[in-house]
Every structure is written in structure tokens, then in C-alpha cells.
Amino acid sequence: MSATLLELVALAVHFQVKGRELRAVDGVDLRLERGEMLGLVGESGCGKSTLGKTVIGLVRASGGRILFDGEAVEGLGRGGWRKVRRRLQYVYQDPGASLDPRWSVGRSLEEPLVIHTDLDRTARRARVLSTLAEVGLRAEHAGLYPHELSGGQQRRVGLARILTLQPECVVLDEPTSGLDVSVQATILKLLRELRAAHNLTMLFISHDLSVVRMMCDRVAVMYLGRIVEIAPVRELFGNARHPYTRALLDAVPEPGERRVIGRPLLEGDPPDPSNLPPGCRFRARCPVAVARCATEDPLLRPVGPQHQAACHLAEGVSA
Amino acid sequence: MGGTSFWSRLARDRLATTGFAITVLFVVIAAIAPWIVPYPEAAHEIAPMNRLRPPSEAHWFGTDRLGADVFSRLLLGTRETLFVALFGVGAAAVIGVPLGLIAGWLDGWVSDGIMRLADIFLAIPQIILAIAIAQTLGPSLVNVVLALGFTIWPWFTRLVFAETRALRREPFIEACAALGASPWRTLALHVLPNLASPLVVRVTLSMGFAVLTAAALGFLGLGAPAPSPEWGRTIAEAREYLPDAWWYALAPGLAIFIVVMGFNMLGDGLRDVLDPKLRRSVAASRAQSAKVQEA
Amino acid sequence: MSLLEVQRLFVRYPTERGPAQALDGVSLSIGQGEVVGLVGESGCGKTTLAKAVLGILGSGEAEGVIRFRGQDLLGLGADAVRREIRGRAITFVPQDPFGSLHPLYRVGDQIADLMAWKAPDTAPPSRLQERLALFTRRRRPAHRDAAIAMLRDVQIPNPEQALAKLPSELSGGQRQRLTIAMALLPQPELILADEPTTALDVTIQAQVLRLLHNLVREKGVSLLFTTHDLGVASEICDRIVVMYAGQEAEVAPTRSFFAAPRHPYTAALLQSLPNEQGVLRDIPGSIPPLVNPPGGCRFHPRCPNASARCAAERPPPVEVAPGHWLRCWHPVAA
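Residue numbers (this note's numbering), protein chains in the order written: chain B, 15 to 333; chain W, 14 to 308; chain H, 350 to 683.
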């Protein structure tokens, strides 16, 4: 049993948009160690959600490889994929929308067991009830329909649905977006408990840096289809080397402070991802860009222990 | 999603209620016609001395060229008309729904092929297509059913295709793939049940069209052979005696008119009641209130 | 004197299960040039309050006093508010700019329309003009320079080209800048912004916040800013009003709001935020229903300090420090 559970090698996902090629994911290398929670952050359109969907096979990769527990998933037939799917699960951003409106919660929760196991009806019911209890819902909730649940309860059902199969690795797509802070705290707490109880390996996709900071062991920052920086959470938040990461961290408002509106900001919008400039793709907005950035595309390289950044000037950026 | 809310909303819609009442009335008539007709022998017996009598207390809609009671034949004809319409639309759904599901789920040439075929069928005027098919197969009730099925199926395919394409993008359908459900399982258990409402509306509206087309085929002698009391055929017979024996053609004409109206009103009403957009907003508002009152 | 004075405002919405009491006697004031943040979780009534001020409650019934420049808006009547106040003296920045921009008209035409109707030197249109406007489209090329200046004010790049674009051709941040520009155009005295940065990415949110902050200061406009994000509120607001289930719980200057929250709900809310220590504290229980809500202080079923009195009687506002008002029988120690 190797330490690495999930590995992405030069993963690429390209879409054709109006005749132009949009590189949603453009050569991503990433390793998820067993039991780790890796945060994947970035702004809308950076490709983080596409990456998550590619990992679980909802989006077809255009290039590169995905290795799950040392085995390449592209070569797997339908049967092989099913085995991987059982161990590798995905939680939708809006679990309310990811539940069939005509199915009761109980039936939706039973479905993965019907597909993947040969448990009989009683055993399935028992598993559903124990999972419901685990995510803090009562047995009565099994009889309700998705629209009868609150936002927080829908998230719980979303988590319960993947837990029934007892997976090893979970991809979470924006698990708390749209929730009130007090509910968010409850769900995050639950995630921590579940992770500890099941020794889950998690890819935590989020745009909320403060949540990622609290939950994850390592953080990868994505910009326009590439990972621009990856480091352990303390290192990234305390010693970011990529100018984009720094700008991102500087833009997060802190309650009780007035830290954002007074300082120099990242100007402009990200460039059109289907029409990228040569060189570094962050160059146009970068406050420290030099001539070299316009010609040479920086690659992810080590800049410290367990710390990689894709910037020619990473050493200089250090605070 | 409870049945009570559906019925109460249907009851509030006057159009739908009227259509529903008409439909139920004719279904009941079709079911019990042989036992309630004033002259049960009218379907096959001849009474030449009684022929072409105007409406009277004994014969509400007069008598026909053979002296049979027009009202009795009208009631007996209801059964044939509804049978043909129901099975015709059923055949269309059996052909059209699976094709629409496949075309909506898949991309590429299979999907394109099915939809172009549907377009070709739709490009030919429906009534002419039905006549051509019925003519080819020969006059009989079963062949009318087949003709209707082959004429109406593209409507089902188009509807199911469009709805499936829309559903395919819904997260809960995508989530099935994420869980590892096979496409067949997803289509049968998730896509099809979510198509139920628009399908019910389409079936109801198609019934009106099927009654009309069946009558036209009967009128042209392509339906069940004489002495069938089928309404279209009756009008064809009555044509020779117009305008003197006006009741002879008027009775089946009115019946067709009312039945078709009934189905169309019910269909339109159901569309309002079952409208997925409407229902979704109801669900959303319920979700909102559930959120607010979270127990 | 304050520009906007809301006193004991009640709003009820009819629902299938009975009236939802969306606002329960809320009082609030906004001074000239002041930025007030209205924060709280979903269902707390912050959006309802903004709608009540704008006179767009729909099926909701408002009772109480909303005084703007000394004039009672509820007494003025919906039609007069629509013609003379809304879109002129009080303007609105929505959460979703797509919803307030016409998807099929070019940016320039939309600005020209707005200038023709709502520019500060135009009189409110007569009813006849309003009806005729349905059939005519006005374009005033003379306003082109003004429109460009306006877009430049909110830092939209290449304003000349932006005028010829459709809203869908702008980025999310640019669209929100455009709605801010349009809200500023009539030279209002009060802008209501409903979660204007919630749909934006953080770096864009930072740009928009700074822009809004600078423009409001520069033009001396008052701003009522609703948000669920306490971080955003702390960036831009002078004062913060916390609402819970249709009641205001605490009103305080931003600094003391975060430094010394006194209401148990405020304290719990601040503790539930993600923090550097990584400790997660949620608030037990959940938001109460607005149909038949708990009596007295609506937070009492979830409150650690609650007593029998809290259920019986809603606490009156008490000033615990200069400008720091509290509605609680058992406040948290300062």
C-alpha cells in the first residue's frame, strides 16, 4: 500500500468553445497522500471544478493520466471503473439539486448500495439509517423529499449519500458555498468528524480561503487551468511565493479589520481562457512582472520544503 | 408532491375541470354503452320502414338510412372511437418515447438519425400520412391504430428528446453517473419518471388529434367496415342525405367536436397544473419556507 | 438629523400557513454620508428591510414609519414613491447585476434611457410620458460623453467600446461596476446595495468594495449595505446592524461591533466564523420559522443566556456605549 492514493500526471482537459480551444485544465500534476485533506482554491473559471469532475470521470480528460491507488483509471473497463467509483466519491456543490426531486431521501441514499453492493433490502435500510445518524439526521428524514429539507440538511444528505459506500477518497466541490456561517460551521465540524472516523482522503475544492485554511493540510492554488502554487497550509498562508497567491490572500476581508480597500489591489480581470497570452498567464495583472515573464512560461518548481510555485521571481516575492 | 395538491389545483382550473368532466363522461359511456343504449340492436338490425325519421321522443337524434336509432349508434361508436384513439396514441408513445430517450441521451449520428427521421415524418401533412399508411395496410380498426401510431410518434420523440437533453444537464442526473449508475438505470429510474408530467399532457392533447384523424379515416372508408357505428363512417353515410336528414350527420359531428374539445381542454389545463416550471417554483418556495422553519 | 429613519417597522407576508412576520418592529437610522451595514443570516429580514424602504414589498404589508428626509414614505403612497423617490433620491444596487440589466440592449442605450428618465435635472415623467415610453425609444447622442465619463468613474476599461457591448459581453466585475454607475447617475442621497459583492470572486470583490467606498465618500452619498459576510461589512461600513429572524439585535460602530460584541447572537456569529485557531463553534439549533415565531426575543430558544423573561418580553433598545445599541436582557460581558 503506497502513501499516494490519488495522483494526477500532466492532466489536461480542453473544450472547444466557438471554434477556439479552451484549456480548462492545462497540465496539472498533483498527488493526494492517504488520509490527507488537500485544498484546491482559485477563482471562478480557474478550472478547479472541472478538475474535480475529471478525477471522478464525469469529464473526459484530453491528456495526461489519473492514477488511483497506483492504477491508471483510463485503461479500466466499465467493471474496473465501478470498483474505483465505489472507493472514490464526489459531493456536489448543491446537494439539493443533485438529488432526484421525485425520490425520497431514503431511496436516494439506498441507490448507491443497490448499484454497488449485493446487500438485501433490510441490510441496505440499516446502512442508510446508520449513515443518516452519522451525519446528524433522524430516521424520519429518510421519508422526506429534497425540497422539504433546509440547506444545511441537504448538505448532510449529500454527505450521507457518499458515505453509504464507505469510500476512501472524496472530492468535495464547494461544500459550504451558499450556507450561512453558523450552518457552515456545523457542516465543517461534521466533515472533520467524518474524516477522522473513516480516515478519508479528501480533495476540498473551494473559493473560500478562510475555510480552506481551517480545514486542509495542504493547499494548491489554481489560476487559469494551472496550479501556480502548492504548499502546506501554514506555509502557504504565511509565506506565499506566487504573486497571485499573495494577491488572493490580500483580497480576503477579515472581520474586524479594514485590510482590503486601503491596499494596492490586483487590477483588471483574468484574461480570456480561450485566448491566453504567451508566457506567464498571470503576467498582465502581475505587479512584479519582468520581460522574461512575457516570453517564458514559468513551470511549477520547488521553492522550499514541500513548497512549489510557478513563478520566475518566486524567491524575490518572499516577504 | 402529494396527490391532494394535484387534484385541488386541477379543481381550481375551470378549463381543466370541464375537459376532465367531458373526458370522464365519454369514457363512462364507452364502458357501459351496450347496456344503456335505448335500442341495443341498432348496431346491426335493419328497420326499413323507420328510415330517416327526424328527431323525436322515441329517437332523440332521429334514425338513419337503415332505420336504426342514431343516438344508439352514437353511443356504441364512442367505444370504437376511444379505443382507436387510446391505442393509437399508445402505439405512438411506445415508438416515440424510447426513441426520444435514446436520441436525447446520446450524441452523434444515432441521435441525429432518429431526429431527422422524426423531422421527415413531421414534414408530411399528418392527415395525408395517416391516409397513406391506412390505405397501404387496408381498412380495419387495427390498421387505423397503426396508422395513428406511425403518424403521432414524432411528437413524442421530439418532446422526450428535448426534455431528456435538459435533464441530462441537471446535477441529479449527472450525480447518477458519479455514483456509478448505468445509463439504462438512470434513464429508467430518473429521467423517465421526471418526464411523466409533460408526457401526460402530450398524451391528452394527442388523444384529441387521434379522435379527429380516426374520424377522417373512417369518413374515407379506411376504418372499420360497415356496419360499424364509428362516427367518421356515419358522417360519410349521412353525407348523401344532406341537407334533409341533417340530424344524421350532426349527431356524430357534434360528438367528435365535444370529445376533441374535451381532450384539448384537459390537456391545456393539465399543462398549467403540471407545468414543470410552475412546480419547480412551488418546490423552491417550499424549500424556502422549510429553510425558514427548519425544525 | 438622519437621512433615513425607520421606526418600529413591521412587515408581514401572507403564506399558506398564515402570515410570516418578516420584520418585527425594526428601528434603524442612517445619517448623511454614512455607510451602514445590515448583516445577518438568511431569513433575518435584511432584504425585506431594503425592499420596504424602496417600496417594493410585493404582497408584503408594512406598518410603522419609514422617514426619508423627514417625509414618511409609507404615507406617501406607492405610486409617488415610485415616481419621485425610487431610482432618484434612493437607488439600488442588486446582488445579481444580470437581473437588473436588460440582456438585449446595449450598455450605451441602457445608460441613455436612464439619463433621459432619471438624470438629476429631469422632472419625474408624467403618466402620459410613461405610457408613451413603451412605444418610443429615446437615444440622446449628446449624452455619449457623459456616459463615457460615468463608466470611467467606475473604472470600466475602454469605456467607448463598453458602450456598444451587451451586458453578457462584460465580465461579472464590470457588470457590477456598471450597476453601481447606474445607481449613482441620478445623484441619489441614499443607495441600497443588496449583497453587491456576493457573486464576485475575492480579487474582484476587493476592487468593487474599494470603488464603492471611494465613490460614496467622494459624493457624500449614504449607503445601506446588506451582506451576510462580516468581513465585507467590516471593510466598508461605519456602523453595523445585526439582524436575527426579523428583529435587530445590536447596532454598533464597526470598531466596537467586532471588538466588544454584547448580544449573545452577535458573539456566537463571530465565533462561528473560520478562524486561525481552527476551532469550529456552531450555534446550536436553527433559525426559527417566521410564521408563529418564538415570542419575546426571537433568539431566546438558541441563546445560552436566556431566561423566562426573554420569552415573554422583547427587550427595549439600550445604549451601552456611545452609538452602541443593544436589545438584550442578558448581554455578554464587555
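Don't be surprised by glycine CBs; every beta carbon is placed ideally from N, CA and C.
query                                                                                                                       : result
Exposure label - W/Gly231; buried when at least 16 CB within 10 Å                                                           : buried
Check whether B/Gly172 and B/Val69 have beta carbons under 9 Å apart                                                        : no
Beta-carbon gap between H/Thr547 and H/His577 smaller than 9 Å                                                              : yes
As assigned by DSSP and simplified to three states, the class of W/Glu70                                                    : coil
Sequence-distant residues of the same chain with beta carbon closer than 8 Å to H/Ile434, five excluded per side            : Gly404, Phe417, Leu422 and Leu425
Whole-number beta carbon distance between H/Pro446 and H/Gln333, since they are thought to touch under 8 Å                  : There is no way to answer for residue 333 of chain H, as the model of chain H reaches only from 350 to 683.
6 Å CB neighbourhood of B/Leu44 in its chain, flanking five on each side removed                                            : Leu22
Cross-chain neighbours of B/His130 in chain W, by beta carbon under 7 Å                                                     : Gly193
Same chain only: Cβ atoms within 8 Å of H/Val557, ignoring 5 sequence neighbours per side                                   : Gly522, Gln525, Arg526, Ile529, Pro545, Thr546 and Leu549
Rounded straight-line distance, which links the Cα of B/Asp83 to that of H/Arg647                                           : 52 Å
Cut-off 7 Å between Cβ atoms - residues of its own chain near B/Glu50, not counting five sequence neighbours on either side : Thr215, Asp231 and Arg232
Residues near W/Leu200 by beta carbon distance below 7 Å, same chain, minus five either side                                : Leu114 and Trp118
Amino acids of chain H, ordered along the chain, whose beta-carbon sits closer than 8 Å to that of B/Ala265                 : Val551, Thr552, Gln554 and Ala555
Candidates H/Ala498, H/Leu353, H/Ala411 and H/His562: closest to H/Ile439 by CA position                                    : H/Leu353
Selection from H/Asp587, H/Val456, H/Ala401 and H/His673 that minimises the alpha carbon distance to H/Glu518               : H/Val456
H/Met689 classed as buried or exposed, judged by whether at least 16 other C-beta atoms fall within 10 angstroms            : In the structure as shown, chain H starts at 350 and stops at 683, and residue 689 of chain H therefore has no counterpart that could be examined.
Proximity test, Cβ basis, 9 Å: H/Gln523 and chain B                                                                         : yes
Alpha carbon of B/Gln180 to alpha carbon of B/Gly120, nearest angstrom                                                      : 17 Å
Test: H/Asp578 CB closer than 9 Å to a CB of chain B                                                                        : yes
Residue nearest to H/Gln381 in terms of C-alpha spacing, selected from H/Leu539, H/Gln504 and H/Arg663                      : H/Leu539
Rounded distance between the beta-carbons of H/Ile379 and H/Val385, thought under 8 Å                                       : 5 Å
Chain-ordered neighbours of H/Ile540 on chain B, where CB pairs are closer than 8 Å                                         : By Cβ distance, chain B contributes nothing, its closest Cβ being about 17 Å from H/Ile540, past 8 Å.
B/Pro126: contacting residues in chain W (beta-carbon distance under 9 Å)                                                   : Leu192, Gly193 and Ala194
Closer than 8 Å: B/Gly89 CB and nearest the ligand SAH heavy atom                                                           : Although the ligand SAH was asked about, the structure shown includes no ligands whatsoever.
Beta-carbon proximity check, H/Leu372 vs H/Val414, cutoff 9 Å                                                               : no
Within chain W, the residues that B/Arg101 reaches when beta carbons sit closer than 7 Å                                    : Neighbours of B/Arg101 on chain W: none; closest Cβ ~11 Å, over 7 Å.
Contact check, W/Leu95 vs W/Ala43, beta carbons under 9 Å                                                                   : yes
Same chain, Cβ closer than 6 Å to B/Val9, five either side skipped, listed in chain order                                   : Nothing in the structure corresponds to residue 9 of chain B, since chain B is present only between 15 and 333.
Where H/Gln478 sits in the DSSP three-state scheme                                                                          : helix
N-terminal and C-terminal residue of the alpha helix (DSSP H) that B/Cys230 is part of                                      : No alpha helix (DSSP H) holds B/Cys230; DSSP gives it neither H nor E.
Partner residues on chain H for B/Leu262, Cβ-Cβ distance less than 7 Å                                                      : Val551 and Thr552
W/Ala60 and W/Leu89 closer than 9 Å at C-beta                                                                               : no
Beta-carbon neighbours of B/Ser196, restricted to chain W and to distances below 8 Å                                        : Correct list: empty, because the minimum Cβ distance to chain W is about 12 Å.
Residue environment, H/Lys395, which counts as buried when at least 16 other CB atoms sit within 10 Å                       : buried
Assumed close pair B/Leu54, B/Ala234 - CB separation to whole angstroms, cut-off 8 Å                                        : 5 Å
Close beta carbons around W/Ser219, own chain, < 7 Å, minus the five adjacent residues each side                            : Val102, Ala105, Ile165 and Trp168
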